[in-house]
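Using this note's numbering, the letters of the sequence shown map in sequence onto residues 235 to 460.
Ideal Cβ positions, reconstructed from N, Cα and C, are used throughout, including at glycine.
It should be emphasised that the depicted structure is a prediction, and the values quoted were computed from it without experimental measurement.
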Amino acid sequence: AITVLYIVFLSARSKASGFGILLIFIALSVYTMGAWTKIDAEAVDPDFGRGEFARTTVEGIKENWATGVGFGNFQKAYQIYEKEEMIFKQYVNHAHNEYLEIAFEGGALAILLMVLYFVILLMAFTRIRRDPLQKAAFLSVSFLLIHSLVDYPLRTEALAMTFAFMNAIIFHKGFSDRLAQKNELIEIDHNGDKLFVPIETSSQRTPRLTSRRAKHKHERARYKHE
Numbered sequence: 235a236i237t238v239l240y241i242v243f244l245s246a247r248s249k250a251s252g253f254g255i256l257l258i259f260i261a262l263s264v265y266t267m268g269a270w271t272k273i274d275a276e277a278v279d280p281d282f283g284r285g286e287f288a289r290t291t292v293e294g295i296k297e298n299w300a301t302g303v304g305f306g307n308f309q310k311a312y313q314i315y316e317k318e319e320m321i322f323k324q325y326v327n328h329a330h331n332e333y334l335e336i337a338f339e340g341g342a343l344a345i346l347l348m349v350l351y352f353v354i355l356l357m358a359f360t361r362i363r364r365d366p367l368q369k370a371a372f373l374s375v376s377f378l379l380i381h382s383l384v385d386y387p388l389r390t391e392a393l394a395m396t397f398a399f400m401n402a403i404i405f406h407k408g409f410s411d412r413l414a415q416k417n418e419l420i421e422i423d424h425n426g427d428k429l430f431v432p433i434e435t436s437s438q439r440t441p442r443l444t445s446r447r448a449k450h451k452h453e454r455a456r457y458k459h460e
């Protein structure tokens, strides 16, 4: 179902249909990962899983919301807020929720930066809805962001590099400029030829109107002159 929605999303043109399909895609992804997380937790221990990791991390965030505990200090700081009955031979090295872990380590500034990124990403989505490559990159980023709710995929170097590359495609201004230029063409009649040229703007150079017939006439006139 998610694959089908992926294809439909890429073919969507209007802003409303794009947002609708994106919301369905996110809902299905969250449901799928939530079900997987529940099964995984019950298979290990119903009282010891991602839910308990999240509750303990939130307690730590409440106590350190201003500055956080410092990046790279999750493992030691988590043990301070861990319940005694949850202490086993195995220790918790990550919150299995990237957003909670970043908030725990980075505090208010990290939370603000995450919110700012999501705002900019949604603004970019309204601009890229007609470019298939940027839309595909947006969905890839969205899937990694959703996956970060139950795990820490971006701490894997390969996925972190992929995430950065996809963001570069989303925010690259050249794609929007190329698409805008493609959409702003007019048809003119030049020496009997039909030409499609971009509409001239203040930021664009005046297009040169050339065709095979015009080039041939120009060369013939220069030959006669010589």
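Where the alpha helix (DSSP H) containing residue i begins and where it ends
| i | result |
| --- | --- |
| V349 | E332 to R361 |
| T291 | R284 to E297 |
| H381 | P366 to H381 |
| T396 | E391 to F405 |
| K317 | Segment: none, K317 is in no alpha helix (DSSP H) and carries neither H nor E. |
8 Å Cβ cutoff, residue i in contact with chain B
| i | result |
| --- | --- |
| E286 | The structure shown contains no chain B; it is built from a single protein chain. |
Buried versus exposed call for residue i [16 or more other C-beta atoms within 10 Å across all chains shown]
| i | result |
| --- | --- |
| F338 | buried |
| F223 | Nothing can be reported for residue 223, as the shown portion of the chain is limited to 235 through 460. |
| I314 | exposed |
| K369 | buried |
| L404 | The residue asked about is misnamed: residue 404 is Ile in this sequence, not Leu. Answer is buried; the Cβ neighbour count reaches 16. |
| I362 | buried |
| D365 | buried |
| N331 | buried |
| A463 | Residue 463 is absent from the model: the chain starts at 235 and stops at 460. |
| F399 | exposed |
Straight-line gap, residue i to residue j (C-alpha atoms, nearest Å)
| i | j | result |
| --- | --- | --- |
| A394 | M357 | 22 Å |
| T301 | I295 | 10 Å |
| S374 | T396 | 9 Å |
| N307 | N298 | 12 Å |
| A371 | L378 | 11 Å |
| R289 | F359 | 32 Å |
| K310 | T291 | 12 Å |
| G285 | L383 | 11 Å |
| L350 | S376 | 15 Å |
Residue from the options with nearest C-alpha to residue i
| i | options | result |
| --- | --- | --- |
| Y312 | N327, W299 and F305 | N327 |
| P387 | E316, T290, E335 and G285 | E335 |
| I380 | A402, R361 and Y333 | Y333 |
| G304 | N401, K317 and G341 | G341 |
| R389 | A329, V292, L347 and N425 | A329 |
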